[in-house]
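> Protein chains in written order, with our numbering: chain A, 275 to 407; chain B, 275 to 407.
Okay, here's the structure, questions in a sec.
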């Protein structure tokens with residue numbers, strides 16, 4: 275894995291950490307300032323522009339909060355010059371989603387420019403861990 | 275709109291033209307050769323690698339075919355160096371989807387590296403045209 279891929283995966287991880295912690299300030303920090311941003315929450319209409327996208331996140335994080343224990347699984351990052359995209363699963367109680375997260379390099383930081391999440395088929399959910407007898 | 279954005283939108287349009295026409299050869303041409311490719315069909319598991327992604331498209335286009343009349347609506351392209359992403363709606367009978375389509379510049383052509391499509395909320399569907407009395 276390249277250094278850039280590592281940094282992009284760290285930015286992706288920071289996104290899910292902010293999400294799971296209902297951390298509005300961190301969420302606002304990690305979205306791009308210069309690049310046009312957009313967001314497709316599962317089952318929502320498209321949101322475009324930093325203002326509308328961040329308003330949606332404030333609504334989610336402050337009103338009801340993130341799905342408990344949301345975490346990212348199996349992220350894979352691709353970096354081409356100053357754009358990167360991560361494809362990963364999102365694990366929440368009772369469901370598994372897929373996400374496409376796009377990042378741009380701004381002022382030396384990989385910042386999120388687009389998030390698209392949608393449900394994966396139910397049979398994709400990881401089986402419960404098998405306990406030893 | 276920049277020249278690059280126009281070219282990316284044309285590549286995006288070619289994708290939907292190939293889809294609507296069940297044109298396997300065109301679909302194979304427009305996916306990237308060098309860049310790692312991935313695809314999230316609505317309700318499917320993640321597919322990665324040109325071979326698996328194109329096998330899925332052959333299955334869709336040759337077995338049952340595309341949803342009749344599928345077309346792209348309201349595409350918006352963003353280009354940063356040799357990466358571009360298009361966010362658009364996909365209009366099919368009775369449903370509206372959102373797509374994130376990612377392109378990379380390869381050998382002078384914008385080629386698709388990632389496609390992620392998922393349903394939009396039903397109320398987003400355009401109302402049926404009102405017929406004059």
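Here a beta-carbon is modelled for each residue, glycine too, at the ideal position from N, C-alpha and C.
1) Let me know if residue 355 (chain B) comes out buried or exposed under the rule of 16 or more other beta-carbons within 10 Å of its beta-carbon.
2) Under DSSP, the alpha helix (DSSP H) around residue 294 (chain B) begins and ends at which residues?
3) Taking residue 359 (chain B) as the query, report the chain A residues whose CB atoms sit under 7 Å from its CB, ordered along the chain.
4) Smallest Cα separation from residue 286 (chain A): which of A:370, A:317, A:368, A:347?
5) For the stretch 333 to 351 of chain A against the stretch 289 to 296 of chain A, are there 3 or more C-beta pairs whose distance is under 8 Å?
6) Can you give me the C-alpha to C-alpha distance between residue 400 (chain A) and residue 276 (chain B), rounded to a whole angstrom?
7) In the DSSP assignment, find the beta strand (DSSP E) that holds residue 371 (chain B) and state where it starts and stops.
8) Curious, which full-length alpha helix (DSSP H) runs of at least 4 residues does the stretch 289 to 341 of chain B contain?
9) Please report whether the beta-carbon of residue 318 (chain A) lies at a distance below 8 Å from any beta-carbon of chain B.
10) Checking contacts by CB at 8 Å: is residue 372 (chain B) closer than that to chain A?
11) Please confirm if residue 312 (chain B) has its CB atom under 8 Å from at least one CB of chain A.
Concretely, from the data shown:
1) A residue is called buried when at least 16 other Cβ atoms come within 10 angstroms of its Cβ; residue 355 (chain B) does not meet this threshold and is exposed.
2) Following the DSSP letters along the chain, one finds residue 294 (chain B) inside the alpha helix (DSSP H) bounded by residues 277 to 294.
3) By Cβ distance, chain A contributes 376, 388.
4) If we check each option's Cα against that of residue 286 (chain A), A:347 comes out closest.
5) With the cut-off at 8 Å, the stretch 333 to 351 of chain A and the stretch 289 to 296 of chain A touch.
6) Interpretation of residue 400 (chain A) is limited by its pLDDT of 49, a score under 50 that renders its predicted location unreliable; the figure taken from the coordinates is listed afterwards. So the two alpha carbons sit approximately 45 Å from each other.
7) Secondary structure note for residue 371 (chain B): its beta strand (DSSP E) is the uninterrupted segment 369 to 380.
8) Along the stretch 289 to 341 of chain B, the alpha helix (DSSP H) occurs as fully enclosed runs of 4 or more residues at 298 to 304, 324 to 336, listed in sequence order.
9) A Cβ of chain B is located within less than 8 Å of the beta carbon of residue 318 (chain A).
10) Flagged as an interface residue toward chain A: residue 372 (chain B), by a C-beta distance shorter than 8 Å.
11) Yes, residue 312 (chain B) lies at the interface with chain A (some Cβ there is under 8 Å from its Cβ).
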